[in-house]
Amino acid sequence: MNTIWEIVATLSGTVLDVLPIALIIVFFQFFVFRKPPPNPQKMLTGFIYVLIGLSLFLVGLEKALFPVGRLMAAQLTDLEFIQGSAIGGAPGWRDYYWVYIFAFAIGASTTIAEPALMAVAIKANEVSAGAIGVWGLRIAVALGVALGIALGTWRIVVGIPVQYFIIPGYVLVVLQTWVAPKMIVPLAYDSGGVATSTVTVPLVAALGLGLAENVPGRDPLIDGFGLIAFACLFPIMTVMAYAQASTWVNRISRSKQK
Amino acid sequence: MIRIDVDNLSRFEGKGYGERVSNGIKALLQSMMRSSRDLLPIILVIAFFQIVVLQQPIPDFFDLVLGVFLVLLGLTCFLHGLDTGLFPIGESMAYAFARKGNVYWLLLFAFALGFGTTIAEPALIAVAKEASLITARAGLIPDDEAARGSYALGLRISVALSVGFAIVLGVFRILKGWPIHIMIMCGYAIVVVMTAIAPQKIIGIAYDSGGVTTSTITVPLVTALGIGLASSIRGRNPVIDGFGLIAFASLTPMMFVMAYGMINS
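From first to last, the protein sequence lines are chains R and V.
With the numbering used here applied, the first sequence covers 1224 to 1481.
With the numbering used here applied, the second sequence covers 724 to 988.
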């Protein structure tokens, strides 16, 4: 019963969230195009679906994804669980290795199955005339996201400010953009956004906050955020690196044939 | 006047009622497939860690299962609603504006599109709420519902304004043909400078908000605008120009959220 009330309460909030976009469509339709929308009934049902869906999703998020992210962080950093592998004393960053493995697994598994990535990979194969393999690109993106989130959790455990990673990361991306094959650049940048699906973002955010709450000496506000930024940045690097490597391999094998 | 291409909007018209219903159910099932594909890897990894590695009891297990079910159902309805109600009209409007609109309407539409889609982005709603809880617990804002709500809304509005601004800038860039690399590098430079002066407590949230925006609603509509625009101007490449809008949209939120943090502290 409680859940039903929560959904109803959330529904009133979601109306306000979706209202701007409805107003924009109505405004431009009537004042600029000067005619009613082509299929108002279908549009209205669509909006009702969006409203109900968004409300259910947000309530489910509070009940499942956020708590699970927090719970995993709490259990994986639990002293008793860690003591099994480390003996005595305060745990060092090495003792949290299950955290990094979990982060890596979440990053890799959610990315490799992502349908949007398939489309990007097929397109990359086309524009590179076969030099960039479909599977190679998918693995490059998944590896990038997994490494990004794993490194991000390590950063939280150690407590280094987030900008010390992200800003050098940008510098590297800029340098890579300079030398990478031109046609891969847009796809590489796109692959950064592919990783951040609506389900992954809240879970990863909760994992980071949970870690910062449970590792001694960390402040959730300063250390807890930043995992999503890592997940977006790293695939850009790995995709450009992969494209570059495969062009080199192609060039070498071609010169050998001659 | 601008004409909307209604061909793909009226696909289902002229068919029998029963056929339309069965088509609707088919589409709904397809959305369900999509959302379960998003959820399944997460469930598998977590189940593996719980059963093999952690081997500890899970508190509120029933609530968790209910929550996962709600997420699945909610995402299904949400995606289905977007596919039937929002994307067809949004995309055809974006195309129509890009192809024949006058520049002022086009820029206004670009801003409205960026702002409106970002405000409704589910991942942003969730993360902004979480950020407000953490900020309140740290004692930076009063810990009551009203203060937290207005902080979260302020965060979302900053991000939405920044995405609106980014799309306007990106459209302007496509019209003028400015080089994208230089603009993105300038953007990074501004982010670096702002990081140096912004309070440390906002930086993590700001960096994350760049990734949150490139999620479910914004990307398809904005890409439609970019591709429509690029394919209607001679000498523009749809692949490069369409992507440019999204690249800007994940850059400007960092600046705007850091600015929000500076104003708030």
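Glycine is no exception: its CB is placed at the ideal position from the N, C-alpha and C atoms.
Just so we're clear, the structure is a prediction, and the values are computed from it rather than from any experiment.
Residue j beta carbon less than 8 Å from that of residue i
i	j	result
Phe1327/R	Ala1369/R	yes
Ile1188/R	Ala1347/R	Residue coverage of chain R in this structure runs from 1224 to 1481, which leaves residue 1188/R outside it and unanswerable.
Cys800/V	Leu1299/R	no
Ala1297/R	Gly1433/R	yes
Ala1336/R	Pro764/V	yes
Gly1375/R	Gly1431/R	yes
Ala889/V	Phe838/V	no
Gly862/V	Ala921/V	no
Val1396/R	Ile1459/R	yes
Pro780/V	Val886/V	no
Phe994/V	Pro943/V	Any question about residue 994/V goes unanswered here, given that chain V covers just 724 to 988.
Ala1331/R	Ala1365/R	yes
Gly1449/R	Tyr930/V	yes
Ile969/V	Gly1236/R	no
Arg871/V	Ile848/V	no
Ala1373/R	Tyr1323/R	yes
Ile833/V	Val891/V	Correcting the residue type first, residue 833/V is Ala in the shown sequence and not Ile. A contact, by the Cβ cut-off of 8 Å.
Contacts that residue i makes with chain V (C-beta to C-beta distance below 9 Å)
i	result
Trp1321/R	Phe772, Val776, Leu777
Ile1390/R	Tyr911, Val914, Val915, Thr918
Val1397/R	His904, Ile907, Met908, Tyr911
C-alpha distance - residue i paired with residue j, whole-angstrom precision
i	j	result
Val850/V	Val1424/R	8 Å
Pro1243/R	Trp1471/R	49 Å
Gly1276/R	Leu1284/R	12 Å
Gln1467/R	Gly893/V	27 Å
Arg1317/R	Lys1405/R	40 Å
Asp1442/R	Ser1351/R	46 Å
Met917/V	Pro782/V	42 Å
Trp1401/R	Ala1464/R	12 Å
His904/V	Thr1334/R	27 Å
Val1462/R	Tyr1387/R	22 Å
Gly790/V	Leu798/V	12 Å
Ile986/V	Phe1289/R	29 Å
Gly910/V	Ala843/V	25 Å
Trp1228/R	Leu793/V	14 Å
Ala1429/R	Arg1293/R	6 Å
Lys1265/R	Phe979/V	36 Å
Ile1345/R	Gln1480/R	27 Å
Asp728/V	Val914/V	Reliability of the predicted coordinates at Asp728/V is poor, the pLDDT of 42 falling under 50, and the value obtained from them is presented with this limitation in mind. Using only the alpha carbons, I get a separation of about 40 Å.
Ser754/V	Leu802/V	6 Å
Gly1367/R	Asn1262/R	43 Å
Gly737/V	Asn746/V	Below a pLDDT of 50, predicted positions are generally treated as unreliable, and Gly737/V, at 47, falls in that range; the measurement from the model is reported next regardless. Those two C-alpha atoms are separated by around 13 Å.
Asn1225/R	Phe1457/R	41 Å
Ser988/V	Ala835/V	29 Å
Val935/V	Thr1419/R	7 Å
Ile956/V	Trp828/V	17 Å
Met981/V	Met908/V	18 Å
Ala869/V	Leu876/V	10 Å
Amino acids of chain V, ordered along the chain, whose beta-carbon sits closer than 7 Å to that of residue i
i	result
Tyr1393/R	Tyr911
Asp1240/R	Ile842, Ala843, Ile848
Pro1314/R	In chain order: nothing, as chain V lies at least about 16 Å away.
Thr1226/R	Leu789
Gly1416/R	Thr937, Val942, Ile969, Ser973
Ile1329/R	Ile765, Val768
Neighbour flag for residue i against chain B, beta carbons, 8 Å
i	result
Val1357/R	The structure shown contains no chain B; the protein chains it does contain are R and V.
Partners in chain R for residue i, counting only beta-carbon separations shorter than 7 Å
i	result
Phe832/V	Phe1251
Trp828/V	Val1255
Asp786/V	Lys1286
Ala835/V	Ile1247
Phe838/V	Pro1243
Contacts that residue i makes with chain R (C-beta to C-beta distance below 8 Å)
i	result
Thr975/V	Neighbours of Thr975/V on chain R: none; closest Cβ ~14 Å, over 8 Å.
Arg959/V	Residues of chain R passing the Cβ test: none, with the nearest at roughly 13 Å.
Under 8 Å by beta carbon: chain V residues contacting residue i
i	result
Ala1326/R	Within 8 Å Cβ-Cβ: nothing; Ala1326/R doesn't reach chain V, min ~10 Å.
Val1385/R	Ile926, Gly927, Tyr930
Thr1376/R	Neighbours of Thr1376/R on chain V: none; closest Cβ ~13 Å, over 8 Å.
Beta-carbon neighbours of residue i, restricted to chain R and to distances below 9 Å
i	result
Val935/V	Thr1419, Val1424, Ala1428, Ile1451
- Query: So, do the segment 1379–1394 of chain R and the segment 803–817 of chain V have three or more beta carbon pairs nearer to each other than 8 Å?
  - Reply: no
- Message: Using a Cβ-Cβ cutoff of 9 Å, what residues of the segment 796–821 of chain V are near chain R? List them in chain order.
- Response: Leu796, Gly797, Leu798, Thr799, Cys800, Phe801, Leu802, His803, Gly804, Leu805, Asp806, Thr807, Gly808, Leu809, Phe810, Pro811, Ile812, Gly813, Ser815, Met816, Ala819, Phe820
- Message: Across the segment 1238–1255 of chain R and the segment 813–831 of chain V, are there enough close Cβ pairs to call them in contact, namely three or more that are closer than 8 Å?
- Response: yes
- Task: Below 8 Å between beta carbons is the criterion; list the residues of the segment 1447–1470 of chain R that meet it against any residue of chain V, in chain order.
- Result: Gly1447, Phe1448, Gly1449, Leu1450, Ile1451, Ala1452, Ala1454, Cys1455
- Message: Closer than 9 Å between beta carbons: that is the criterion. Which residues of the segment 1331–1342 of chain R meet it against chain V?
- Response: Ala1331, Ser1332, Thr1333, Thr1334, Ile1335, Ala1336, Glu1337, Pro1338, Ala1339
- Query: Is it true that the segment 945–959 of chain V meets the segment 810–817 of chain V, where meeting means three or more beta-carbon pairs spaced less than 8 Å apart?
  - Reply: yes
- Select from the segment 853–874 of chain V all residues with a C-beta closer than 8 Å to any C-beta belonging to chain R, and list them in chain order. Glu853, Ala854, Ile857, Thr858, Arg860, Ala861, Leu863
- Message: Residues of the segment 1421–1444 of chain R in Cβ contact with chain V at a cutoff of 8 Å, in chain order, please.
- Response: Thr1421, Val1422, Thr1423, Val1424, Pro1425, Leu1426, Ala1428, Ala1429, Leu1432, Asp1442, Pro1443, Leu1444
- Query: What residues from the segment 1279–1305 of chain R come within 9 Å of chain V, judged by C-beta to C-beta, listed N to C?
  - Reply: Leu1279, Phe1280, Leu1281, Val1282, Gly1283, Leu1284, Glu1285, Lys1286, Ala1287, Leu1288, Phe1289, Pro1290, Val1291, Leu1294, Met1295, Gln1298, Leu1299, Asp1301, Phe1304
- Item | Members of the segment 1258–1279 of chain R near chain V, C-beta cut-off 9 Å | Lys1258, Pro1260, Pro1261, Asn1262, Lys1265, Met1266, Leu1267, Thr1268, Gly1269, Phe1270, Ile1271, Tyr1272, Val1273, Leu1274, Ile1275, Gly1276, Leu1277, Ser1278, Leu1279
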